[in-house]
Amino acid sequence: QVQLVESGGNLVQAGGSLRLACEASGIIFRVATMRWFRQAPGKQRELVADITRDGTTNYATAANGRFTIARDNGKNTVDLQMMSLEPEDTAVYHCTADFAVQDYWGPGTQVTASS
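When we follow this note's numbering, the leftmost residue of the sequence shown carries the number 11, and every step to the right adds one.
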């Protein structure tokens, strides 16, 4: 059974930082492409960042320079370090695993950046 569990979401003031973590089980983590998506109320879901099996990273324009994605294959975890948070970053953040031609999603963690 595949399971993704996110943690680290919180309420912070604009300009603050948060570190989200996602722990995966039930997959061969080291070969999966891991992604962070977010969805704000009334808005479409958007890709924030991803990291391939070989460590190649990709960021959305809104995240570039402020967010860093990293993986630890020994712990089956992928983190998202977020700096200089803005109210526009407020959303539910989901971790996903692209593995064996399927996408698996975690339930999400709420991030709120207040102005």
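From the three backbone atoms N, C-alpha and C, an ideal C-beta is built for every residue, glycine too.
Spatial neighbours of residue i in its chain, beta-carbon cut-off 6 Å, leaving aside the 5 residues before and after
i	result
residue 55	47, 49
residue 23	124
residue 12	36, 37, 114
residue 68	60
For residue j and residue i, believed in contact at Cβ under 8 Å, the rounded distance
i	j	result
residue 100	residue 122	5 Å
residue 119	residue 30	6 Å
residue 27	residue 92	6 Å
Cutoff 8 Å; reference residue i; Cβ partners in own chain excluding five residues on either side
i	result
residue 44	32, 34, 60, 61, 79, 81, 88, 105, 106, 107, 108
residue 85	33
residue 42	34, 63, 107, 108, 109
Collapsed DSSP secondary structure at residue i in the structure displayed
i	result
residue 22	strand
Minimum C-alpha distance to residue i - residue among the options
i	options	result
residue 21	12, 113, 114, 96	96
residue 53	116, 111, 112, 98	98
Beta strand (DSSP E) segment containing residue i, residue limits
i	result
residue 108	101–109
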